[in-house]
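Below you'll find the structure, written out as structure tokens, and then a few comments.
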Amino acid sequence: MKKFRLYWDTEKETEWLNQMAKEGWNITGFTLGFYTFEKCEPGEYQYQIDTSDKLFKVSDKYKEFMESIGVEIVCCWGPWVVLRRKTSEGEFQLYSDDESKLEHLKKILNIYKVVALIELGCMMVNFVPGIIIKSTVNLVCAMILSIFVFLFCYLIYITKKRINNILHNQGKQTANLNKKPLNYSAIGWLFLMCGNLINRSESTEMNVVAIICALAACVFFGFSLRGTALNKKKKQ
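Heads up, the sequence shown is in the working numbering, so the first residue is 76 and it goes up one at a time.
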């Protein structure tokens with residue numbers, strides 16, 4: 076059986092895979108949002124998603140360690156690896172203490188930051204020819220990429236929030252969710268300037284793209300203002 080799902084949050088994806096396993100379906104593979112399942116005994120396995128030490132594969136050292144604790148590697152995709160262990164062996168948790176959870180979340184945070192920067196760069200590469208030669212194709216690609224930029228900025232935010240929750244439970248001083256709130260503001264100004272340049276065109280399609288840029292700018296300005304408000308609240 077195949078199912079198509081897009082999960083950006085690995086915790087929610089893990090919950091879904093475990094729910095599928097309880098219903099008698101074990102994942103056997105994943106490619107570009109398509110999950111492949113096979114019929115099995117309900118609840119036979121428990122699943123976890125980890126960060127791989129390599130792209131699209133794992134090292135022999137990682138594989139040997141997982142085998143030593145009775146964990147099977149199901150599949151790898153990008154920096155992620157799907158793992159499973161038989162339910163009969165007890166509860167399956169990769170990171171049971173706060174320190175290991177923090178390290179895991181920091182790895183995920185770095186992955187999101189790198190992807191967000193790459194997407195932002197690709198977006199600008201498409202924006203420039205789109206504005207100069209008025210290429211609708213480039214502008215559409217830039218708009219699609221801008222959605223991914225927004226998505227990964229959101230993932231960065233919620234990952235930081237999870238890190239701060241752990242630190243808060245430990246009684247430690249939490250890091251600011253938006254340590255540099257102007258980062259979001261800068262992206263907002265970038266969208267606003269692009270929208271202003273595009274809006275000078277007489278083309279209806281260009282005007283639509285300009286409106287989308289303005290909306291995206293508002294969203295990122297909102298992120299910046301929210302981060303500033305949270306920081307002021309913490310100082311009071």
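Beta carbons: idealized from backbone N, C-alpha and C, even for Gly.
(request) Inspect the beta-carbon positions of G104 and V149 and report whether they are closer than 9 Å. (result) Counted from its first residue, the sequence shown places residue 104 at position 29. Counted from its first residue, the sequence shown places residue 149 at position 74. Yes.
(message) Give me, in chain order, the residues of the same chain whose beta-carbon lies closer than 8 Å to that of T106; leave out the 5 immediate sequence neighbours on both sides.
(response) Here the question's residue 106 lines up with position 31 in the sequence shown. Taking C-beta separations shorter than 8 Å and ignoring five residues to either side along the sequence, the partners of T106 in its chain run W152, following chain order.
(request) Give a yes or no on whether the C-beta atoms belonging to L92 and Y122 are separated by under 9 Å. (result) For this step, residue 92 is matched to residue 17 along the sequence shown. For this step, residue 122 is matched to residue 47 along the sequence shown. In this structure, the beta-carbon distance from L92 to Y122 falls below 9 Å.
(message) I need the DSSP call for Q121, collapsed to helix, strand or coil.
(response) For the purposes of this step, residue 121 is taken as the residue at position 46 of the sequence shown. In this structure, DSSP gives Q121 an extended state, which the three-state scheme calls strand.
(request) To the nearest angstrom, report how far apart F312 and E90 are at their CA atoms. (result) This structure cannot speak to residue 312, because the chain is shown only from 76 to 311.
(request) Apply the 10 Å Cβ neighbour rule to C288 and answer buried if 16 or more other Cβ atoms are within range, or exposed otherwise. (result) By one-based count along the sequence shown, residue 288 stands at place 213. With 16 or more other Cβ atoms inside 10 Å of its own Cβ, C288 counts as buried.
(message) I want to know whether the stretch 230-239 touches the stretch 182-196 - three or more CB-CB distances under 8 Å.
(response) The stretch 230-239 is in contact with the stretch 182-196.
(request) Take the Cβ of F125 as the centre, count every other Cβ of all protein chains shown within 10 Å, and call the residue buried at 16 or more, exposed below. (result) Residue 125 sits at position 50 when you count from the first residue of the sequence shown. According to the sequence shown, residue 125 is Asp rather than Phe. D125 is classed as buried because its beta carbon has at least 16 other beta carbons within 10 Å across all chains shown.
(request) Return the CA-CA distance between T85 and P154, expressed in angstroms with no decimal places. (result) Along the sequence shown, one-based indexing puts residue 85 at 10. Along the sequence shown, one-based indexing puts residue 154 at 79. One alpha carbon belongs to T85, the other to P154, and they sit about 12 Å apart.
(message) Based on DSSP bridge pairs, tell me the residues matched to N101.
(response) Residue numbering aside, residue 101 sits at position 26 when the sequence shown is read from its first letter. DSSP, once it has assigned bridges, lists E113 as partnering N101.
(message) Rounded to whole angstroms, what is the Cα-Cα separation between G99 and S163?
(response) On the sequence shown, position 24 is the one that residue 99 refers to. On the sequence shown, position 88 is the one that residue 163 refers to. Between the C-alpha atoms of G99 and S163 there is a straight-line separation of about 15 Å.
(request) Within its chain, find whatever has a CB closer than 6 Å to the CB of S143; leave out the 5 residues flanking it on each side and keep chain order. (result) Residue mapping note: residue 143 aligns to position 68 of the sequence shown, counting from 1. Cβ neighbours of S143 within its own chain (closer than 6 Å, five residues either side excluded): none.
(request) Take the Cβ of F131 as the centre, count every other Cβ of all protein chains shown within 10 Å, and call the residue buried at 16 or more, exposed below. (result) Position 56 of the sequence shown, counting from 1, holds the residue named residue 131. Counting every other CB atom within 10 Å of its CB across the protein chains shown gives F131 a total below 16, marking it as exposed.
(message) Can you tell me where the beta strand (DSSP E) holding I144 begins and where it ends?
(response) Sequence index remark: in the sequence shown, residue 144 carries index 69 (1-based). For I144, there is no enclosing beta strand (DSSP E), as DSSP marks it with neither H nor E.
(request) Can you give me the Cβ contacts of P204 inside the same chain, cut-off strictly under 6 Å, excluding the 5 residues immediately before and after it? (result) Reading the sequence shown from its first residue, position 129 is the one you call residue 204. So the qualifying residues of the chain are S210 and N213.
(request) Return the first residue and the last residue of the beta strand (DSSP E) that F79 is part of. (result) For this step, residue 79 is matched to residue 4 along the sequence shown. Counted as a single uninterrupted DSSP element, the beta strand (DSSP E) harbouring F79 occupies residues K77 to F79.
(message) Going by DSSP, what residue range makes up the beta strand (DSSP E) through V157?
(response) The residue given as residue 157 occupies position 82 in the sequence shown. In the DSSP assignment, V157 falls within the unbroken beta strand (DSSP E) covering W155 to K161.
(message) Rounded to whole angstroms, what is the Cα-Cα separation between N240 and D173?
(response) On the sequence shown, position 165 is the one that residue 240 refers to. On the sequence shown, position 98 is the one that residue 173 refers to. C-alpha separation (whole angstroms): 10 Å.
(message) Tell me the DSSP secondary structure of W91 in three-state form.
(response) As a first step, residue 91 must be located in the sequence shown, where it is residue number 16. The answer is helix: DSSP assigns W91 an H, G or I state.
(message) From the DSSP secondary-structure annotation, give me the bridge partner or partners of T106.
(response) As a first step, residue 106 is located in the sequence shown; it is residue number 31 there, counting from the start. According to DSSP, residue pairing for T106 in a beta bridge involves F109.
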